[in-house]
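Remarks on the structure that follows.
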Amino acid sequence: MAIPARAAGAGVTVTAADVGLGPEYWQGPTQGDLVVTVRPTGPAPADVAGTIFLPTGIRLLSGTGTEGCALASGSTYTCALGQDTAPGQIALRVEVDADAWRFAPLVGNVTATLGSATDRDSFVVALPPGPPAPGVTLAVDDLAVPAPPHNLDSQQPLLVRLDHANPAPVSAALELVTPRGVDILQIPAICGDHRRINGSRDRCELGHVLAGQEIQLTFDVLISAQATAEAPLNGAVFVYVTPEGQETAIFQVGYRIALAAPGSEPASVNAPGSASTLPSASERTPIQPARGADDRLLGDRGSVLSLIGVALSAVAVAGVLVFASLRRRLRDEPEVPPDR
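Basically our numbering = 1-based index in the sequence shown + 20.
As structure tokens, then:
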């Protein structure tokens, strides 16, 4: 049967709310609701088709407000999202596996299709920090970027804090997972060794961490204009802590890159083509650790020595000028006859 032509201007928008989980997640598999809102436009009724991609470790249990969903392949489901005569909302019940946190950030998306019109929105399954362990605290600050349209890249500092309050020292490492379109420009000097695991994951070796030590790391990141257009973005930080003679414990915490409130100032923004434009990915030099305390000390000492050299040179020149002036005055004065 031929599909009737749709009126001009027919379309659809879809939004998916994040799924938030509380501390009870660390007790075992946990269920939550993925709420999807569909806002179609069009004069004639027609079904809105939906495609839902769930992150690793999450499965669909049931749905409310939909005629049904079916597993298409892997973690992708197809659902009927209603008709285009009025906005609709469905709630999909999902279950999060106990080990899903190892794959954080848990980002999925929902696509709505009405005729030739398509819209997509992303969501994240927000996990609590953890797994919880006595004496270990991991935190990371969220970032804000200027709202489009601006066609700007944004360079900002991402602050990570690790507090090790246990009485025994440990060996520690940190892995930073960045969203697509976010690059690390510089890693902290405290990273004794750095390597890139893949395009979105970097590992920083912290080495020996003393008992009661708190570590703060600042990663300079570049958020592309294209990535900003897809905000909010989600990333994650993993810390690996190994006490002497014991197994390694792993902790994670998520962070978000969201649009800044209207009127707020971004940390650092560069316009394309300006003198301060940030280099493109192909033009950037490889990541290098920031200068450590010893480098700064040597740099400051070099500056002091340079200043001393300049001062000594100035004194020498002044001495030469004074000596030349005295000689000239002695030569020009008339001789005085001796007393008889």
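Don't be surprised by glycine CBs; every beta carbon is placed ideally from N, CA and C.
Straight-line gap, A247 to R223 (C-alpha atoms, nearest Å) | Position 227 of the sequence shown, counted from the first residue, corresponds to residue 247. Position 203 of the sequence shown, counted from the first residue, corresponds to residue 223. Each residue's Cα considered, the two are about 22 Å apart.
Residue closest to G70, alpha-carbon to alpha-carbon, out of I110, R79, G40 | In the sequence shown, counting from the first residue as 1, residue 70 sits at position 50. The candidate whose alpha carbon is nearest that of G70 is I110.
Spell out whether any CB of chain E is found under 8 Å from the CB atom of T131.
-> Any reference to chain E falls outside this structure, which holds one protein chain only.
Based on Cα-Cα distance, which residue from E250, Q266, E87 lies nearest to N171?
-> The residue given as residue 171 occupies position 151 in the sequence shown. With distances taken between Cα atoms, N171 lies closest to E250.
What are the boundary residues of the beta strand (DSSP E) that Q176 is part of?
-> Counted from its first residue, the sequence shown places residue 176 at position 156. 173 to 184 is the span of the beta strand (DSSP E), which, as asked, contains Q176.
Range covered by the alpha helix (DSSP H) that runs through T248 = Against the sequence shown, residue 248 aligns to sequence position 228. Unbroken alpha helix (DSSP H) run through T248: 245 to 249.
Closest residue to L182 among S82, R200, L134, E234 (Cα-Cα distance) | Translated into the one-based positions of the sequence shown, residue 182 becomes position 162. For L182, the nearest C-alpha among the options comes from E234.
If you draw a straight line from the alpha carbon of A92 to that of T98, how long is it in whole angstroms?
-> Position 72 of the sequence shown holds residue 92. Position 78 of the sequence shown holds residue 98. So the alpha carbons of these two residues sit roughly 6 Å apart.
Please name the residue or residues paired with C89 in a DSSP beta bridge.
-> Translated into positions along the sequence shown, residue 89 becomes position 69. Beta-bridge pairing links C89 to C99.
Using a Cβ-Cβ cut-off of 7 Å (strictly less than) and excluding sequence neighbours within five positions of L254, which residues of its own chain qualify?
-> One-based indexing of the sequence shown puts residue 254 at position 234. Here residue 254 turns out to be Asn, not Leu, going by the sequence shown. Cβ neighbours of N254 beyond the five flanking positions: P125, V127, V144, P199, G274, R276.
Which of helix, strand or coil DSSP assigns to A159 = Indexing the sequence shown from 1 puts residue 159 at position 139. DSSP places A159 in strand when its eight states are reduced to three.
How many Å lie between T131 and S82 at the Cα?
-> As a first step, residue 131 is located in the sequence shown; it is residue number 111 there, counting from the start. As a first step, residue 82 is located in the sequence shown; it is residue number 62 there, counting from the start. Taking the straight line from one Cα to the other gives about 18 Å.
For A66, three-class secondary structure by DSSP = For the purposes of this step, residue 66 is identified with residue 46 of the sequence shown, where counting begins at 1. Coil, per DSSP.
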